[in-house]
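Under numbering that gives the first Met the number 0, read the sequence shown as residues 0 to 276, first letter to last.
No residue lacks a Cβ here, since even glycine has one placed at the ideal position from N, Cα and C.
Since the model is a prediction, treat every value here as computed from it, not as a measurement.
See structure below.
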Amino acid sequence: MNTARKRHTASVLTNGQVLVSGGVGGSTLNSAELYNSAAGTWTTTGNMNSARAYFTASVLSNGKVLVCGGSNVGATNSAELYDPSTGTWTSTGNMNFARNKHAASVLSNGKVLVSGGFATPNYLTSAELYDPSTGTWATTGSMTTGREEHTSSVLSNGKVLITGEYTSSGSTYLRSAELYNPATGTWTVTGNMITGRSLHRASVLQDGNVLVSGGFTGSADLSSAELYNPTAGNWTTTLSMNIPRAMHTSLLVNGYVLVTGGYIGSADTSTAELYCC
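Written as structure tokens, this is what we have:
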């Protein structure tokens, strides 16, 4: 990448490029850049309106990218949209709740589910839905456990898998996972991960399984990875990454999972690697 960063986001655009935005690289960033998977190169694009880290970015059905929440000084409820055709950002409706370190997923109906996160002094159970057609937000059912820095993955059956991160005390790294049902707006528990982890990432593979990689245990960064089987509701180990990392990004690109950035110990990294799935 052009800029070393962590606590950033990465999104596969409809044109096949990858948008990486924001995060921290010495200070909180508003910069963004594009990865061309065919050429293996990076170029800069328009800056966000607000510098932010610990936020989410979601590609909408119209091709635009919704960025919401996060923090610079404190948690924010602001949101903005990136237009790939112009390389520019515009504001959209604010969330009902300020939150950072939350998770987001685009549902099959085109709406965006945002769940959990942190807003001083609370680990949030709340969730809300963004409607791209109106640019507004509405609340939905709350998670069973308050958590931050978790992952959120849309399964082939339309449900959303939430994994890991902190307990409400912030002192234990969770193995637990739960499922959101968009049809009912409710949450249920599913099988626990093999390893409790925070600051990890998840990607849905072409076979429908979910790859969870890296993260932090409270004492060390992880290179380990594991797979969730939605049919069985359980987890199995898979090959570890070449480099232990946390706060990275993980995206399915042309049949491979592209992992970028993050940190190793106390150092930011600009390294990237591919998982063959």
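The region 215 to 225 and the region 191 to 199 touch, with three or more beta-carbon pairs separated by less than 8 Å. One Cα belongs to Leu238, the other to Leu210, and the distance between them is close to 10 Å. Residue pairing by DSSP places Thr42 opposite Leu33 in a beta bridge.
Taking C-beta atoms under 8 Å as the contact rule, Val105 and Tyr81 fail to qualify, at a distance of about 14 Å.
In the structure shown, the three-state DSSP call for Lys63 is coil. In the DSSP assignment, the residues bridged to Ser20 are Thr8 and Ala31. If you compare the alpha carbons of Asn191, Glu225 and Thr189 with that of Leu204, the shortest gap goes to Glu225. If you look at Ala137, you'll find it in the beta strand (DSSP E) that goes Thr135 to Thr139. When rounded, the separation of the alpha-carbon atoms in Ser249 and Val113 is 18 Å. By the criterion of a C-beta distance shorter than 7 Å, Asn29 is surrounded in its chain by Gly21, Asn46, Met47, Ser49 and Ala50, once the five residues flanking it on both sides are discounted. Using a 10 angstroms sphere on the CB of Ser70, the tally of other CB atoms reaches 16 or more, which defines it as buried. When only Cα atoms are considered, Ala31 and Gly261 end up about 16 Å apart. At the C-beta level, Gly24 and Thr43 stay beyond 8 Å of one another. Taken through DSSP and simplified to helix, strand or coil, Glu147 comes out as coil.
A distance of 8 Å or more separates the beta carbons of Ala97 and Ala78. If you draw a 10 Å sphere on the C-beta of Ala38, you find fewer than 16 other C-beta atoms in it, and that means exposed. Counted as a single uninterrupted DSSP element, the beta strand (DSSP E) harbouring Ala102 occupies residues Ala102 to Val105.
In the DSSP assignment, Asn180 falls within the unbroken beta strand (DSSP E) covering Ala176 to Asn180. In the structure shown, Tyr227 falls within a strand segment according to DSSP collapsed to helix, strand and coil. Annotated as distal: Pro120 and Ser60, with beta-carbon spacing of 8 Å or more.
Per DSSP, the unbroken beta strand (DSSP E) holding Tyr255 starts and ends at Tyr255 to Thr259. Going by beta carbons, Ser175 and Val188 fall inside the 8 Å limit. In the structure shown, the three-state DSSP call for Thr55 is strand.
Just so you know, the alpha carbons of His247 and Met192 end up roughly 19 Å apart.
Among the bridge pairs identified by DSSP, Leu112 is matched with Ser104 and Leu128.
Straight through space, the alpha carbons of Ser10 and Ser57 are spaced by roughly 7 Å.
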